[in-house]
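Trainee: What follows is a single structure, and I will ask about it in a moment.
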Amino acid sequence: MIRKEYPELPLFVCGHSMGGAVTVFLSLQVQISGMVLIAPALAANPETATFTTVTIAKLMSKLLPFCPMAATDFSLSTRNEKYINEIKKDKLCFQGYWSARTIVSLIQAAEEVSTKFPEIKVPFLVLHGCQDKVCHVDGSRKLFELASSTDKGLKVYPLGYHSLLNEPEDISNDVKESIVEWLERRIDY
1 MIRKEYPELP LFVCGHSMGG AVTVFLSLQV QISGMVLIAP ALAANPETAT
51 FTTVTIAKLM SKLLPFCPMA ATDFSLSTRN EKYINEIKKD KLCFQGYWSA
101 RTIVSLIQAA EEVSTKFPEI KVPFLVLHGC QDKVCHVDGS RKLFELASST
151 DKGLKVYPLG YHSLLNEPED ISNDVKESIV EWLERRIDY
């Protein structure tokens, strides 16, 4: 739709978390000018996605796909208590348990997208927090290492959690500035 409406403009796509994995898949199917990925879901957290827990989740996914496996924990998202309190009150924000099928689907999507990394040719910027317990930073590092793109960037925040745009101002402001600067260097005015 956007291409039809504005065919002369460059198209950049930004994806966060699972939207980051979707954006990587999209870049292989649709011509885009580049992508910005914020804490993309490209690798499971090895602390929680152990062999045992993944095996149990896969079994439960087949036997009881809607069986609750993990509670939503907003404290994993950010250190910003004000934001955590806001999303806890947001009726549109998922508050429940993640089902076995959902967890297995997310793990499989991360595994599948990682096999496509060498095919990535579009310019991209990845921003990821080292303290991210939701989507492991190693997926972003692997994308940066394996992607064929000659215009790629990776910025890692040692104290950053998963929701970088909602982290305390020192991090969130730097994330916003980094995105704007990266886009401005690639757009002709």
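For the sequence shown, full-length UniProt numbering begins at 1 and goes up steadily by one. A virtual CB, placed ideally from N, CA and C, is assigned to each residue, including glycine.
Any chance you could list the beta strand (DSSP E) runs of at least 3 consecutive residues sitting entirely within the stretch 42–75, in chain order?
Mentor: 68–71
Trainee: I think S148 touches K116, with their Cβ atoms under 8 Å apart; what is that distance to the nearest whole Å?
Mentor: Contact annotation, S148 with K116: C-beta distance approximately 11 Å; criterion of less than 8 Å not satisfied.
Trainee: Since F124 contacts L37 with CB under 8 Å, what's their CB separation in whole angstroms?
Mentor: 6 Å
Trainee: For the alpha helix (DSSP H) containing Y83, list its first residue and its last residue.
Mentor: 81–89
Trainee: Where does M1 sit, in a helix, a strand or coil, going by DSSP?
Mentor: coil
Trainee: Looking only at C-alpha atoms, which of L26, P40, D73 sits nearest to G34?
Mentor: L26
Trainee: Excluding the five sequence neighbours on either side, which residues of its own chain have a C-beta within less than 7 Å of the C-beta of R79, listed in chain order?
Mentor: Y161, E167, P168
Trainee: Quick one: give me the first and last residue of the beta strand (DSSP E) that S17 is part of.
Mentor: Note, S17: premise wrong, no beta strand (DSSP E); not H, not E.
Trainee: Once DSSP output is grouped into helix, strand and coil, what is the label at V30?
Mentor: coil
Trainee: By Cβ distance, which residues of its chain are closer than 6 Å to V24, with the 5 residues on each side in sequence left out?
Mentor: Counting only Cβ-Cβ distances below 6 Å, and skipping sequence neighbours, we find V113.
Trainee: With H, G and I counted as helix, E and B as strand and the rest as coil, what does DSSP make of K155?
Mentor: Looking at K155 - three-state DSSP - the assignment turns out to be strand.
Trainee: So V104 and C130 are supposed to be a Cβ contact under 8 Å. How far apart are they, rounded?
Mentor: The pair is not a contact, with the Cβ atoms about 26 Å apart (cut-off 8 Å).
Trainee: Just mark F66 as buried or exposed, buried being the case when its beta carbon has 16 or more other beta carbons within 10 Å.
Mentor: exposed
Trainee: Threshold first: 4 residues or longer. Then list the alpha helix (DSSP H) segments lying entirely within the stretch 113–155, N to C.
Mentor: 137–146
Trainee: Under a Cβ-count criterion, where at least 16 other Cβ atoms within 10 Å of its own Cβ denotes burial, should A43 be classed as buried or exposed?
Mentor: buried
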